[in-house]
Amino acid sequence: MMLCGIFLLLMLWSCESARLAESREDNSVYDLFDLAQVNKRHNGVSQVKGAEPYSPAYKILNADLIPPVPDSSFRDLLDSIQAERGFLLLVNLKQFKKNRGSLFTIEKTDGSGPVFEVISNGKANTLDLVYSTENQLQVFSIEDAGLATGHWKNITLFVQEDRAQLFVGCEEINVSELDVPIQTVLSREVADIARLRIGKGAAKDKFMGVLQNVHFVFGTTLDAILRNKGCQSGAALTDVMTLDNPVNGSSPAIRTDYTGHKSKDLQSVCGFSCDDITSMFKELRGLNVIVKRLSNELEKVSTDGELLKNLMNIHSGICIHNGVVHKDKDEWTVDDCTECTCQNSATVCRKISCPLIPCANATVPDGECCPRCGTPSDYAEDGWSAWSDWTHCSATCGRGIQQRGRSCDRINSKCEGTSVQTRDCYLMECDKRFKQDGGWSHWSPWSSCSVTCGEGVMTQIRLCNSPTPQMGGRDCQGEGRHTKICQMSPCPVNGGWGPWSPWDTCSVTCGGGIQTRKHLCNDPAPKYGGKDCVGDATMVRVCNKQD
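Structure representation (structure tokens):
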């Protein structure tokens with residue numbers, strides 16, 4: 001009865017705290033299912049049992065039938081995002097394995113695509129943030145999300161400015177950076193061209209599974225949200241970002257006293273009706289019987305344990321580990337990297353700590369825990385050949401493995417150890433881009449004429465880089481180069497000599513005279529500034545030399 005009384009006091013205290021929180025008129029939580037007025041009779045969903053027993057959970061049957069969030073509520077949500085330069089999204093989900101589905105979409109009313117969308121991508125094991133900038137879709141993925149498993153997952157997505165941070169339960173998964181701040185993507189003007197839908201994405205991105213408590217939360221911190229989930233402060237919260245809003249020197253708009261969604265009556269605030277509490281007391285009475293039975297069983301186990309110790313002649317200070325009896329202060333090795341010691345009946349095991357090594361391609365010899373530098377021959381074992389070269393990495397990007405082998409001279413040696421070694425390899429980061437068809441850039445200006453005089457050509461080009469085709473996308477269609485004829489001023493023509501004329505008649509009939517002949521600079525004649533012919537235009541010779 002004392003346990004029941006304590007439980008009732010806790011229930012009343014919880015309800016009173018929630019009532020006081022309601023009195024502050026705090027609109028810090030946007031419950032999307034509540035705003036869209038979804039209920040269990042709605043054609044697009046079916047109400048089922050969720051991870052949290054006192055909140056409705058909805059199996060998504062046809063997301064197209066789920067109505068959008070009303071315009072006024074959508075505008076309030078955008079105002080909150082602008083005021084705090086980000087948001088906290090809390091969701092319970094149970095998603096079919098390998099399903100790629102949208103948790104929510106802010107879709108354009110003209111059907112041209114999303115402004116912003118959060119997709120749980122079970123095929124790639126990522127949480128994808130899709131947003132539109134200047135009519136281009138950008139996709140940023142938070143890897144190793146592990147959401148589409150067929151089991152309940154509780155996620156906390158914290159987006160502020162250009163950073164997105166994902167927690168699944170109490171575990172931080174990853175941090176991703178956006179190209180533009182979220183308040184730029186989700187400006188107040190978005191309400192004029194888009195609407196907010198639950199579970200509805202592109203034709204291939206419809207959510208398949210169950211959603212519960214899809215909440216946008218403001219007026220608190222990520223640290224407070226995680227503490228309310230029962231996450232311990234420390235390692236899980238050491239890298240938590242905090243929202244701040246230093247506008248006009250004011251204090252942060254997001255507070256630390258998050259109490260949940262504001263409800264309309266005491267029952268919905270507390271989450272329990274009188275029938276619920278009555279049922280709980282009945283369950284507690286049954287639990288009391290089970291606890292007493294368990295206590296009796298534990299006493300029996302303790303008695304049996306003492307009897308077993310006596311039969312095995314086990315005395316104080318002895319340790320039993322993996323079915324093996326060890327004396328006090330005995331030391332033994334569990335595996336290559338774990339050493340254990342018996343300390344006054346307590347088995348204390350520790351992981352071997354490896355020192356930093358100065359080489360890049362160290363390997364771990366068989367039977368050892370820590371990597372070592374040097375060539376394999378430096379620590380080769382008797383009977384074994386030298387190690388072969390490492391194989392190529394099994395993955396062209398991301399984490400893969402390499403292997404190498406050696407052979408044994410079994411005639412002359414027992415060759416203890418393995419014939420194959422394996423190590424991790426990482427060639428480069430995997431390309432996270434998406435499939436995209438190529439698009440032409442604008443035409444460049446016409447180039448200058450290819451000649452300085454006479455007839456030439458001019459060229460203009462365009463490049464297939466707006467955007468560049470990637471991940472198997474189609475190349476640009478059409479020509480990437482245009483040409484046309486250009487006319488410059490005529491080129492200079494240098495003069496050239498024409499043929500010589502015949503020799504003319506000798507000037508005398510005897511005693512030595514002269515003859516002449518000429519040629520003209522007309523083959524061709526110089527023009528357009530060309531040079532004259534070089535040399536003499538007249539040639540002279542002696543004639544009739546006889547007396």
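Using the UniProt record's numbering, read the sequence shown as starting at 1 and increasing by one per residue. The beta-carbon is built from N, C-alpha and C at its ideal position, and this holds for glycine as well.
- Along the segment 474–507, the beta strand (DSSP E) occurs as fully enclosed runs of 3 or more residues at 481–487, listed in sequence order.
- Here Ala346 is exposed: its Cβ has fewer than 16 other Cβ atoms, across all protein chains shown, within 10 Å.
- When only Cα atoms are considered, Lys98 and Gln82 end up about 34 Å apart.
- In this chain, the alpha helix (DSSP H) harbouring Asp79 covers 71–84.
- The shortest CA-to-CA distance from Asn154 to any of Thr516, Cys170, Leu77, Ile352 is the one to Cys170.
- Here Leu129 is buried, its C-beta having at least 16 other C-beta atoms within 10 Å.
- Taking C-alpha positions only, Thr278 is separated from Asn288 by approximately 16 Å.
- Annotated as proximal: Glu107 and Arg197, with beta-carbon spacing under 8 Å.
- A distance below 6 Å between beta-carbons, with the five flanking residues on each side excluded, links Lys545 to the following residues of its chain, in chain order: Gly512.
- Around Arg474, the same chain offers Asp437, Gly438 as residues with beta carbons nearer than 7 Å, after the five sequence neighbours per side are excluded.
- Apart from the 5 residues on each side of it in sequence, Leu137 sits with its Cβ closer than 7 Å to the Cβ of Gly113, Val130 in its chain, given in chain order.
- Within the same chain, and ignoring the five residues on either side of Gly480 in sequence, the residues whose Cβ sits closer than 8 Å to its Cβ are Trp440, Ile461, Arg462, Leu463, Cys464.
- For Leu157, the beta-bridge partners assigned by DSSP are Leu89, Leu166.
- Secondary structure of Phe207 (DSSP, three-state): coil.
- Remark: three or more beta-carbon pairs, one from each stretch, lie closer than 8 Å, so the segment 420–436 and the segment 399–409 are flagged as touching.
- Per the Cβ contact rule, the segment 407–420 is not in contact with the segment 428–437 (fewer than 3 Cβ pairs under 8 Å).
- In the three-state scheme derived from DSSP, where H, G and I count as helix and E and B as strand, Gln183 is classed as helix.
- Counting the other CB atoms within 10 Å of its CB gives His482 a total below 16, which places it among the exposed residues.
- Annotated as distal: Ser141 and Ser102, with beta-carbon spacing of 8 Å or more.
- The beta-carbon distance between Cys486 and Met458, rounded to whole angstroms, is 5 Å. This is short enough to meet the 8 Å contact definition.
- Lys206 is positioned such that its CB atom lies no closer than 8 Å to that of Ala36.
- Under DSSP, Val29 forms a beta bridge with Val217.
- The beta carbons of Trp390 and Arg406 sit no closer together than 8 Å.
- A direct Cα-to-Cα measurement between Asp192 and Ala145 gives close to 33 Å.
- In this chain, the beta strand (DSSP E) harbouring Arg517 covers 513–518.
- About 4 Å separates the CB atoms of Ala57 and Gln212; that is less than 8 Å, so the two are in contact.
- Counting only the Cα atoms, Val534 lies some 14 Å from Lys518.
- Taking Val451 as reference, the option from Asp179, Met488, Asp330, Gly383 with the minimal CA-CA separation is Met488.
- 8 Å or more divides the Cβ of Lys123 from the Cβ of Val210.
- Between Gly456 and the set Thr468, Asn92, Cys231, Lys484, the nearest pair of CA atoms involves Lys484.
- Look at the beta carbons and you see the segment 71–79 not touching the segment 160–170: under three pairs across the two are nearer than 8 Å.
- Cβ-Cβ distances below 6 Å link Val185 to Phe116, Tyr131 in the same chain, with the five nearest sequence neighbours on each side left out; the list follows chain order.
- Around Cys337, the same chain offers Lys351, Ile352, Cys369 as residues with beta carbons nearer than 7 Å, after the five sequence neighbours per side are excluded.
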